[in-house]
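Peer 1: What follows is a single structure, and I will ask about it in a moment.
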Amino acid sequence: MRIALVHGFHGPGGPGGENAAVLDQAAALGRAGQEVHLVVTPAGGLLSAAPRRTAPCPVTVVTARDRSPLAALRALDPDLVHVHHAEPGAGRAWAADWTGPLVATLRDPRPQAAAGMLSRLAA
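With our numbering as the guide, the letters of the sequence shown map in order to residues 8 to 130.
Now the structure itself:
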């Protein structure tokens, strides 16, 4: 199965846990015999060379002005797209135009909540 992992990589000094989780997932999928390709949408428009040096799979860096990975994904034609933390750098609007299977991992619920706030009510 050809799997594209889409992630807004944070540069040096940024959060490292998300980056590490995506690289670990790519490595695990590769060990399981899957064809993995990392599509990087640089957070804030900046990207260090780290993902290219440390990724256990091919890497495509999205350079489109709107940072949409759609063109890169169409060229790769994956069986599945897994978006990690769809943030402003990666955007979300492109997903409506993607016609293939897509799953998303959202680690921070605040951007998905109304007014950027997540409230829990106890009964």
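Built from N, CA and C at the ideal position, the CB exists for glycine as well. All values reported here derive from a predicted model rather than from experimental measurement.
Helix, strand or coil, according to DSSP, for residue 56 in the structure here?
Peer 2: Bear in mind that a pLDDT of 47 at residue 56, under 50, signals an unreliable position, so the number given afterwards is only what the model happens to contain. Residue 56: coil per DSSP, three-state reduction.
Peer 1: Would you decide whether residue 110 is buried or exposed? Buried here means 16 or more other CB atoms lie within 10 Å of its CB.
Peer 2: exposed
Peer 1: Is it buried or exposed, residue 70, if we count other Cβ atoms within 10 angstroms and call 16 or more buried?
Peer 2: exposed
Peer 1: May I have the straight-line CA-CA distance separating residue 39 from residue 108, to the nearest angstrom?
Peer 2: 20 Å
Peer 1: Judging by CA-CA distance, which residue of 85, 64 and 84 is the nearest neighbour of residue 35?
Peer 2: 64
Peer 1: Please state if the CB of residue 91 and the CB of residue 42 are separated by a distance shorter than 8 Å.
Peer 2: No, Cβ-Cβ distance for residue 42 and residue 91 is not below 8 Å.
Peer 1: Using beta-carbon positions only, say whether residue 27 and residue 85 come within less than 8 Å of one another.
Peer 2: Taking a C-beta distance under 8 Å as the contact criterion, residue 27 and residue 85 do not qualify as a contact pair.
Peer 1: Identify whether residue 74 lies in helix, strand or coil by the three-state DSSP scheme.
Peer 2: coil
Peer 1: With a Cβ-Cβ cutoff of 8 Å, do residue 46 and residue 80 count as a contact?
Peer 2: Yes, Cβ-Cβ distance for residue 46 and residue 80 is below 8 Å.
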